[in-house]
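Inspection log for the structure reproduced underneath, given as structure tokens.
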Amino acid sequence: MASRPRRGAIRELHMSILRVHRLATAALLSLILSSSAWAKDVYIAVAGPMTGSTAALGAQIRDGAAAAVDSINASGLLPDTKLILRIADDACDPKQAVAVANRLTTDGIKLVVGHFCSSSSIPASDIYAEAEVIQISPGSTNPRLTERGLTTLFRICGRDDQQGGVAADYIVRHHQGAKLAVLDDKSTAGKGIADIVESRLRAAGEHTVRQSYVAGEKDYTALVSRLKRDGIQIVYIGGYYNEIGLIVRQAVEASARLTVIANDPLMTSDFVAIAGDAANGTLFTFMPDPTKNAAGAAAVARLKGSSLSAAGYTLYAYAAVQAWADSVKRAGTFDGIRVAAALRSGSIQTAIGTVRFDSKGDNAAPGFVVYRWRDNTVEAVEQN
């Protein structure tokens, strides 16, 4: 007959069970707490002209960034993390851009997709850099942006020293000896690209007439009349779609026989809405169209499912979010300096194809294409 266990032994066994229970509870609580440190809302932002005369371009980068956030949240690329996108309007105004940058850095934003206008991106970038916040511009093409050695600054689109060369080379090849004029809207982007085109044309032996105009006006008939009187045949314009659309339309109304070639902001149907039938034949430069390659197919489908277009800068903003998220994953942290190092560490697969940032933060791959507006659609004319 087995002996009954002593009361002390029973009490000791009970205490052991309690200790094991407490240890298990503590371990579970520790696991929950450590998971919750990663399971958090992470705020990123898209900053650009959501209002004003360039709002159509702001809408493109907003839609692209939002679609990328939805895709990344659904994919589980960043486990137990929910990305939340904030929209910041700078109206393409440098002072407003600085105010936006101060607000976003104070709020702890981890990524800024923007700004769009170079005149906004350049002053805002100093604020993001000081706060060690990653900034990736999908549309600021002025070379000066990435020439200042800012660690956390990147540009996923091309540069005007590339774009201006493509435009000037096209003019020389196809319109050598024509009477040329170069116009700009006095903005950082417009004047910057016009200066580059004029310099390249003169280096090729072409004579140019240089003229500036005031952005925001509605009547450019005096400018058009001067071009017509001087017998100008080819006009290069550095500026934005709103004013260029008006100049093109008013030139046709004045029977001025001008061939217009402009810079990348013409990649929006709002240009056609302003210029009307006069848009036909207008040339412009833009990066290779990512909607034409397989890398962008999933992003295009996601946007289409939300009744949104993938045109223009949309997929460049989408790719900016992808590149950042991929680098966060590889770095294992949201720390801006470590993520910046990861962004520069190799090739990243995105909706615009393979992205590789150089030491300045520029995308090494984009290049530029000459396009033409024809019957409300864009057609590629020549690729460099």
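Last residue of the sequence shown: number 384 in UniProt numbering, and the count goes up by one each step with no gaps.
Cβ coordinates follow ideal geometry from the N, Cα and C atoms, glycine included.
Of the listed residues the options, nearest to residue i (C-alpha basis)
i	options	result
A97	K82, L85, V113 and I84	V113
V166	L283, G48 and V46	L283
I134	Q322, V224, T377 and N73	Q322
D161	V252, P138, G332 and V197	V197
D358	T152, S140 and A68	T152
G245	Y170, P143, R229 and K218	K218
T350	A317, K360, Y371 and T377	A317
V381	R344, F286, V355 and A341	F286
P94	A47, L57, V209 and V328	A47
E130	G353, G346 and G336	G336
I352	A278, V300 and R330	V300
I87	A278, A279, R249 and H115	H115
L201	S306, A181 and G296	A181
G238	D41, Q60, R249 and Y213	Y213
L308	A45, I61 and T54	I61
Rounded straight-line distance, which links the Cα of residue j to that of residue i
i	j	result
I348	D326	7 angstroms
A294	W324	21 angstroms
G52	E243	12 angstroms
D63	R338	28 angstroms
G276	A124	35 angstroms
L303	A178	43 angstroms
A365	A204	26 angstroms
V100	M50	12 angstroms
Y43	E206	50 angstroms
A254	D195	27 angstroms
S120	G192	14 angstroms
A149	I136	According to the sequence shown, residue 149 is Gly rather than Ala. Whole-angstrom Cα-Cα distance: 14 angstroms.
D375	S187	29 angstroms
T105	A256	49 angstroms
N102	I127	7 angstroms
A189	G164	11 angstroms
G139	R226	32 angstroms
A278	C157	28 angstroms
V252	G231	14 angstroms
H175	K292	29 angstroms
Q383	D264	14 angstroms
R344	A331	11 angstroms
residue 411	L183	Nothing about residue 411 can be read from this structure; the chain reaches only from 1 to 384.
L78	E132	20 angstroms
K82	A65	14 angstroms
K110	I72	15 angstroms
E147	K360	7 angstroms
According to DSSP, residues forming a beta bridge with residue i
i	result
Q383	V369
L111	I134
G48	D89
G238	D184
A262	I237 and F284
I193	BP columns for I193 are empty, so no partner.
R374	T377
I84	Y43
Where residue i sits in the DSSP three-state scheme
i	result
Y318	helix
Q211	strand
F357	strand
Y170	helix
I348	strand
T152	coil
D41	strand
I274	helix
L78	coil
N102	helix
R159	coil
D326	helix
L201	helix
A364	coil
I72	helix
A289	Checking the sequence, you will find Asp at residue 289 rather than Ala. Residue state, collapsed to three classes: coil.
Q60	helix
Q176	coil
R257	coil
Problem - Meets three-Cβ-pair contact criterion under 8 angstroms: the segment 215-231 and the segment 267-276 - result: no
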